[in-house]
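Protein chains: 2
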Amino acid sequence: MELIAGVLNITTGGKRIVILNDETAAMLGVHSSDRVKLSYGGKKVIAIANLAADFPADRIWFYTEIAQALGVTGNENVDVQLAPMPESLGNVRAKLRGQRLRDHEITTIVKDVVEQHLSDIEISAFLTALKIYGLSMAENEALSRAMVETGMHMNFGEGTILDKHSIGGIPGDKTSMILVPIVAAAGFTIPKTSSRAITSPAGTADRVETLCPVNLEIGEIQRVVKKTGGCLVWGGALDLAPADDLFIRVEYPLGIDPMLLPSIMSKKKAMGATHLVVDIPTGMGAKIKTPTEAYSLAADFVHLGNHLGINVHCALTFGEQPLGCGIGPALEAREALNTLMGKGPVDVHDKAVSIAGMLFELVGKKNGRQLAEEMLHTRKAECKMRQIIEAQGGNPNVKPEDIPVGPEHAEVRAKGKGRVLWIKTEGIVQVARAAGTPKEAGAGIMLHTKLGDAVAKGDVLFEVYAERASKLQSALALAEKLEPVVLSRKPEERMLLDQYPAKTGKHEKSFMLDR
Amino acid sequence: MELIAGVLNITTGGKRIVILNDETAAMLGVHSSDRVKLSYGGKKVIAIANLAADFPADRIWFYTEIAQALGVTGNENVDVQLAPMPESLGNVRAKLRGQRLRDHEITTIVKDVVEQHLSDIEISAFLTALKIYGLSMAENEALSRAMVETGMHMNFGEGTILDKHSIGGIPGDKTSMILVPIVAAAGFTIPKTSSRAITSPAGTADRVETLCPVNLEIGEIQRVVKKTGGCLVWGGALDLAPADDLFIRVEYPLGIDPMLLPSIMSKKKAMGATHLVVDIPTGMGAKIKTPTEAYSLAADFVHLGNHLGINVHCALTFGEQPLGCGIGPALEAREALNTLMGKGPVDVHDKAVSIAGMLFELVGKKNGRQLAEEMLHTRKAECKMRQIIEAQGGNPNVKPEDIPVGPEHAEVRAKGKGRVLWIKTEGIVQVARAAGTPKEAGAGIMLHTKLGDAVAKGDVLFEVYAERASKLQSALALAEKLEPVVLSRKPEERMLLDQYPAKTGKHEKSFMLDR
Chain E
1 MELIAGVLNI TTGGKRIVIL NDETAAMLGV HSSDRVKLSY GGKKVIAIAN
51 LAADFPADRI WFYTEIAQAL GVTGNENVDV QLAPMPESLG NVRAKLRGQR
101 LRDHEITTIV KDVVEQHLSD IEISAFLTAL KIYGLSMAEN EALSRAMVET
151 GMHMNFGEGT ILDKHSIGGI PGDKTSMILV PIVAAAGFTI PKTSSRAITS
201 PAGTADRVET LCPVNLEIGE IQRVVKKTGG CLVWGGALDL APADDLFIRV
251 EYPLGIDPML LPSIMSKKKA MGATHLVVDI PTGMGAKIKT PTEAYSLAAD
301 FVHLGNHLGI NVHCALTFGE QPLGCGIGPA LEAREALNTL MGKGPVDVHD
351 KAVSIAGMLF ELVGKKNGRQ LAEEMLHTRK AECKMRQIIE AQGGNPNVKP
401 EDIPVGPEHA EVRAKGKGRV LWIKTEGIVQ VARAAGTPKE AGAGIMLHTK
451 LGDAVAKGDV LFEVYAERAS KLQSALALAE KLEPVVLSRK PEERMLLDQY
501 PAKTGKHEKS FMLDR
Chain C
1001 MELIAGVLNI TTGGKRIVIL NDETAAMLGV HSSDRVKLSY GGKKVIAIAN
1051 LAADFPADRI WFYTEIAQAL GVTGNENVDV QLAPMPESLG NVRAKLRGQR
1101 LRDHEITTIV KDVVEQHLSD IEISAFLTAL KIYGLSMAEN EALSRAMVET
1151 GMHMNFGEGT ILDKHSIGGI PGDKTSMILV PIVAAAGFTI PKTSSRAITS
1201 PAGTADRVET LCPVNLEIGE IQRVVKKTGG CLVWGGALDL APADDLFIRV
1251 EYPLGIDPML LPSIMSKKKA MGATHLVVDI PTGMGAKIKT PTEAYSLAAD
1301 FVHLGNHLGI NVHCALTFGE QPLGCGIGPA LEAREALNTL MGKGPVDVHD
1351 KAVSIAGMLF ELVGKKNGRQ LAEEMLHTRK AECKMRQIIE AQGGNPNVKP
1401 EDIPVGPEHA EVRAKGKGRV LWIKTEGIVQ VARAAGTPKE AGAGIMLHTK
1451 LGDAVAKGDV LFEVYAERAS KLQSALALAE KLEPVVLSRK PEERMLLDQY
1501 PAKTGKHEKS FMLDR
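Quick note, the sequences are listed as chains E and C, same order.
If you read the first sequence in our numbering, its first letter stands for residue 1, the second for the next number, and so on.
If you read the second sequence in our numbering, its first letter stands for residue 1001, the second for the next number, and so on.
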């Protein structure tokens, strides 16, 4: 059927969507979400049809992207036909019925996600089915490969490429900022890409950005890594696995994360990693609550790594409380720099040398942890970090206290005495976000007490930092309500952890997708 | 944060969506699909945020509906804040984790679907989870009740209200057109609402529309039913269960139908039905392939009916082939009228009197089938049908041959001899749709042979009717390819039913959502 083109000057973020009057659609046999084949001037494009009652008949309306793809500007006659169901959608439907998908079936889905041929409805159903049925290792591998194939690759030559990843979930985890310079200082190549925070107070990219630019292009990254052996850059704009970003957009409102393994491993593969340590924080405050779950996930990482040609070891780390004391981009960058200078908290130091040591042993070194300690002790790691900062465009002579933190701050004090029994990750995250993190880099929390510390009435439990007075007040009010640091003389005296249903309001556990 | 309102003159079909620049969203702590609370001039509205990079910062863009709801026309200062996650979304997430939802939890979801507070992503995930986990009877009941509560109700007084429903899937099933006048002729009230075809060649509303208007308003329906005891109208515009239409929009591209029970039963409840027979066609060509599945579904219908205060019986009917010979709105209306006049195919007659008989016995009559036969035999049913046609605004004296069928037609003949072993429902549907059904009412198929018939080489298997020559040619080409009528002298000679993967192209089983 010939229809007259209308162009809406609106972009859809790439989605190939057209709008048809519903009567016209009925004439074409087209229902909402069906595909239509559009032909104009020798060009052919497939688009998803949305129907609307109040659009004129005999017309087809294009969003900007699809109008450009077809080369129409308005008032052209476009041939419109019902298109068959895309193969990828047939495969999505098979997954809804519980079928295991084969490699090429998964490839059709990932390709059509990247090329925006699948609608939000269809992607959501696919991810929900993956979440409920779980993924076979073959499916994890196929998803990883398809996501690598549809993205950009980095090339640092033939040699050994080391990498580290944390599945996230622990506030204040600035390990990468200490580990990368340790590994590079020992002469290895470690091109580390990181994410920005989505639901947490800071991602590694947010932390590093308080020291130097992180938004580097591929050519710049290669120059930095060639010069220093390492980098600490934002991976988000590199298009390493563009499918993953599109999946995350849909996973976020649902609070599900079924593609954890392929999401992480595809990006490592695209970076050319040959040896990788994955940090799995385990404990009540972490994403993974029990060792059983942690070992199971670890086995999957190792197995998938095998199939993808990456030698993977996993670190199960203590995940019962935040790492170190600083939480929030600037406070964490200060603490990381202090740790490189030998003045950091014990847990931050220990985690960095433990994981760096595992990486060293993974590539054949003996006494890996000792080598890592040596890099810190001799200040070689600090020196390397300053080289990286300079190569990425920052000030190599930066002192921890040069990093600006929020001018507004206040202390939260103990209302009684006792020992710190529990630090609620979720409460800490919410208070830090209320204070302005991650967008306001100087906002955050400085813990003055950690698990097991003895506290007297009136002692400072933590400080809250903010860039604006109004946010400081919101954060303090929330801290008063949530009481993220829980005291007790003995565990027995605080047996009731929580009530369900909640005594006041809903349980609003926010979703920790960041990885 | 104060943002300047911009208004896009585009409707979203009711969805409450606003667009924010992604940097502005980050300042607000808003991610794609998060909710924002908008305040302007004393009005407050919650909307779903979509993010776009190429929209100006410091502005918020409204689609028409939400602009109207808030009373902005452009350039006003609107206060925008991150809103908490809606309770309904928390309940959707609980379902993704496999939780059974309680009544009030389901109510929040249905209410927010109707009020367009849930996005396509979220509705799709909910329906996918229902499809995979299945629904408990309590969930089916809660969904039914919530869908009734959020829709319009009909009131035909205190007495007994009869109804009939088929779960669909059998081409040519015009039973309602014969059953409704039989039941009304016997003095009962049967206000029948029907759907239009979505993926089948004709729905009851499409068939009846070749005889009289079906798009009646609630007041008109009550007048028709008061006058004649029955009606045959389109239920789609009555808003009986508006949630269902919104769910179906999302189910359609996914080819899933998890809400079959509440979808049907909510509409029956809204019509005030007290006694209902549900037809479950069972067999290779039907939605339900085996008696085991059919009995299980039947038990669920009866059980749910009990809870909703509707006395339900189910009919398991032969579902191996199309019903009667005519397929397509006009051809089926002709056949229905012929059956009422005593000249219809045996299977059409038998199915109508069987199910009408069940309804009669459900309300306490003895020898129900005999009473139904009598209504046909005495022409009281035909007379009643003509009253209904007149009351709905059609010509009561219409003869079957007055109903126009497609002027383009051609015969498809047997290429060999044998018996009709199998009639592929899916093939018949595809050929009929290629010929122009359901939109072109005169298009369709007239079967000349049914299961078990002996056929000689060159005999007519079926005729194809179309309103346009081009569609006739498409339909004939498809018939040549699909060979929907399968011949064999003995079953043993045709052991191979199909190949997987398909020899040529994909298996494209279209989705029979119509119910």
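Just so it is clear, CB atoms sit at the ideal spot from N, CA and C, and this is done for glycine as well.
Please read these numbers as outputs of a predicted model, since none were measured by experiment.
Fill in: N- and C-terminal bounds of the beta strand (DSSP E) containing V485/E
On the first sequence, residue 485/E is found 485 positions in, with the first residue counted as 1. Start and end: 485 to 488.
Worksheet entry | Cβ-based contacts, 8 angstroms cut-off: residues of the region 3 to 26 of chain E near chain C | L8, I10, T11, G13, A26
Item to complete: Run the CB neighbour count on D1347/C, radius 10 Å, all protein chains shown included, and call it buried at 16 or more, exposed below.
Response: For the purposes of this step, residue 1347/C is identified with residue 347 of the second sequence, where counting begins at 1. So D1347/C counts as buried.
Practice prompt. Check each candidate in V1148/C, A1456/C, V1180/C, E1390/C and name the one with the smallest Cα separation from L1276/C.
Written response: On the second sequence, residue 1276/C is found 276 positions in, with the first residue counted as 1. Of V1148/C, A1456/C, V1180/C, E1390/C, the residue nearest in Cα terms is V1180/C.
Worksheet item: For chain E, is any of its Cβ atoms less than 8 angstroms away from the one on Y1252/C?
Response: The sequence position of residue 1252/C within the second sequence is 252, counting from 1. Yes - at least one Cβ of chain E is within 8 angstroms of the one on Y1252/C.
Worksheet item: Can we say the region 1295 to 1313 of chain C touches the region 1172 to 1190 of chain C, given the rule of at least three CB pairs closer than 8 angstroms?
Response: no
Discussion item. DSSP has T997/C in a bridge; who is on the other side?
Written reply: As shown, chain C starts at 1001 and ends at 1515. That puts residue 997/C outside it, with no answer to give.
Discussion item. Using beta carbons (cut-off 8 angstroms, strictly below), is T128/E in contact with chain C?
Written reply: On the first sequence, residue 128/E is found 128 positions in, with the first residue counted as 1. Judged by the 8 angstroms Cβ criterion, T128/E is in contact with chain C.
Discussion item. Using a Cβ-Cβ distance cut-off of 8 angstroms, determine whether A125/E contacts chain C.
Written reply: Numbered from its first residue, the first sequence carries residue 125/E at position 125. Yes, contact with chain C.
Worksheet item: For D120/E, which residues in chain C fall below 8 angstroms Cβ to Cβ?
Response: If you number the first sequence from 1, residue 120/E lands on position 120. The answer, in chain order, is S1119, D1120, I1121, S1124.
Worksheet item: Going straight from the alpha carbon of G406/E to that of V485/E, what length do you get?
Response: Start at 1 with the first residue of the first sequence, and residue 406/E comes out as number 406. Start at 1 with the first residue of the first sequence, and residue 485/E comes out as number 485. Between the alpha carbons of G406/E and V485/E lies a distance of about 22 angstroms.
Worksheet item: Any beta-carbon of chain E closer than 8 angstroms to the one on I1445/C?
Response: Here residue 1445/C corresponds to residue number 445 of the second sequence, with the count starting at 1. Not an interface residue.
Worksheet entry | Cutoff 7 angstroms; reference G98/E; Cβ partners in own chain excluding five residues on either side | Looking up residue 98/E in the first sequence gives position 98. Hits under 7 angstroms: Y133.
Item to complete: Give me the Cβ distance between I167/E and L260/E, rounded to the nearest whole Å; I'm assuming they're in contact under 8 angstroms.
Response: The sequence position of residue 167/E within the first sequence is 167, counting from 1. The sequence position of residue 260/E within the first sequence is 260, counting from 1. Going by Cβ atoms, the distance from I167/E to L260/E rounds to 7 angstroms, so yes, they are a contact pair.
Worksheet entry | Buried versus exposed call for D1402/C [16 or more other C-beta atoms within 10 Å across all chains shown] | Locating residue 1402/C in the second sequence gives position 402, where the first residue counts as 1. Counting Cβ neighbours within 10 Å, D1402/C comes out exposed, since fewer than 16 surround it.
Fill in: For E332/E: DSSP bridge partner residues
Within the first sequence, residue 332/E is the residue found at index 332, counting from 1. For E332/E, which the question treats as bridged, DSSP gives no partner whatsoever.
Worksheet item: Going along the chain, which unbroken runs of the beta strand (DSSP E) with 3 or more residues stay wholly within the region 1208 to 1248 of chain C?
Response: 1230 to 1234
Discussion item. In chain order, what are the residue ranges of uninterrupted alpha helix (DSSP H) at least 4 long that sit wholly in the region 1045 to 1115 of chain C?
Written reply: 1064 to 1070, 1087 to 1096, 1103 to 1114
Practice prompt. Check whether the Cβ atoms of A1381/C and I1190/C lie closer than 8 angstroms to each other.
Written response: Looking up residue 1381/C in the second sequence gives position 381. Looking up residue 1190/C in the second sequence gives position 190. Contact: no.
Worksheet item: Under three-state DSSP, which class holds G6/E?
Response: Translated into positions along the first sequence, residue 6/E becomes position 6. G6/E: strand per DSSP, three-state reduction.
Practice prompt. Classify E373/E as helix, strand or coil using the three-state DSSP reduction.
Written response: Looking up residue 373/E in the first sequence gives position 373. The answer is helix: DSSP assigns E373/E an H, G or I state.
Worksheet item: Quick one: which chain E residues come within Cβ less than 7 angstroms of G1255/C?
Response: The count along the second sequence starts at 1 and reaches residue 1255/C at position 255. Against chain E, the beta carbon of G1255/C has neighbours under 7 angstroms at R93, listed in chain order.
Worksheet item: Between V429/E, K439/E, E139/E, A202/E, which lies nearest to L476/E when the distance is taken from Cα to Cα?
Response: By 1-based counting over the first sequence, the position of residue 476/E is 476. Considering only alpha carbons, the answer is V429/E.
Worksheet item: Where does G520/E fall in DSSP's three states?
Response: As shown, chain E starts at 1 and ends at 515. That puts residue 520/E outside it, with no answer to give.
Worksheet entry | Local conformation of E467/E per DSSP, three classes | For the purposes of this step, residue 467/E is taken as the residue at position 467 of the first sequence. DSSP places E467/E outside both helix and strand once states are collapsed to three, so it counts as coil.
Fill in: CA-to-CA distance, G368/E to E158/E, given in whole angstroms
Stepping through the first sequence from its first residue, residue 158/E is reached at position 158. Stepping through the first sequence from its first residue, residue 368/E is reached at position 368. If I take the Cα positions, the gap works out to 23 angstroms.
Item to complete: State the beta-bridge partners of R35/E as determined by DSSP.
Response: The residue given as residue 35/E occupies position 35 in the first sequence. Answer is I48/E.
Fill in: Residue-level contact to chain E via CB, A1083/C, 8 angstroms cutoff
As a working mapping, residue 1083/C is identified with position 83 in the second sequence. So, not an interface residue.
Discussion item. Just checking A434/E against the ligand ADP - is the residue's beta carbon closer than 7 angstroms to any of the ligand's heavy atoms?
Written reply: Within the structure as shown, the ligand ADP is missing, as the structure has no ligands at all.
Practice prompt. Starting from G29/E, find everything on chain C with Cβ-Cβ shorter than 8 angstroms and list it in chain order.
Written response: Within the first sequence, the letter at position 29 stands for residue 29/E. What G29/E touches in chain C: R1433, K1439.
Discussion item. Does the structure place the region 316 to 333 of chain E close enough to the region 192 to 204 of chain E that three or more beta carbon pairs sit under 8 angstroms?
Written reply: yes
Practice prompt. For K289/E, count neighbouring Cβ atoms within 10 angstroms of its own Cβ and tell me buried if that reaches 16, exposed if not.
Written response: Numbered from its first residue, the first sequence carries residue 289/E at position 289. By the neighbour-count rule (16 or more Cβ atoms within 10 Å), K289/E is not buried but exposed.
Worksheet item: K131/E lies in the alpha helix (DSSP H); which residues open and close that run?
Response: As a working note, residue 131/E is residue 131 in the first sequence. Here the alpha helix (DSSP H) through K131/E covers 120 to 133.
Discussion item. DSSP three-state label for F156/E, please.
Written reply: Counting from one through the first sequence, the residue named residue 156/E turns up at place 156. If DSSP states are grouped into helix, strand and coil, F156/E belongs with coil.
Worksheet item: Is V1080/C near I1060/C, with beta carbons less than 8 angstroms apart?
Response: Reading the second sequence from its first residue, position 80 is the one you call residue 1080/C. Reading the second sequence from its first residue, position 60 is the one you call residue 1060/C. Going by C-beta atoms, V1080/C is nearer than 8 angstroms to I1060/C.
Practice prompt. Compute the Euclidean distance between the alpha carbons of E139/E and R100/E, then round it to the nearest angstrom.
Written response: Residue mapping note: residue 139/E aligns to position 139 of the first sequence, counting from 1. Residue mapping note: residue 100/E aligns to position 100 of the first sequence, counting from 1. Straight-line Cα distance between these residues: approximately 8 angstroms.
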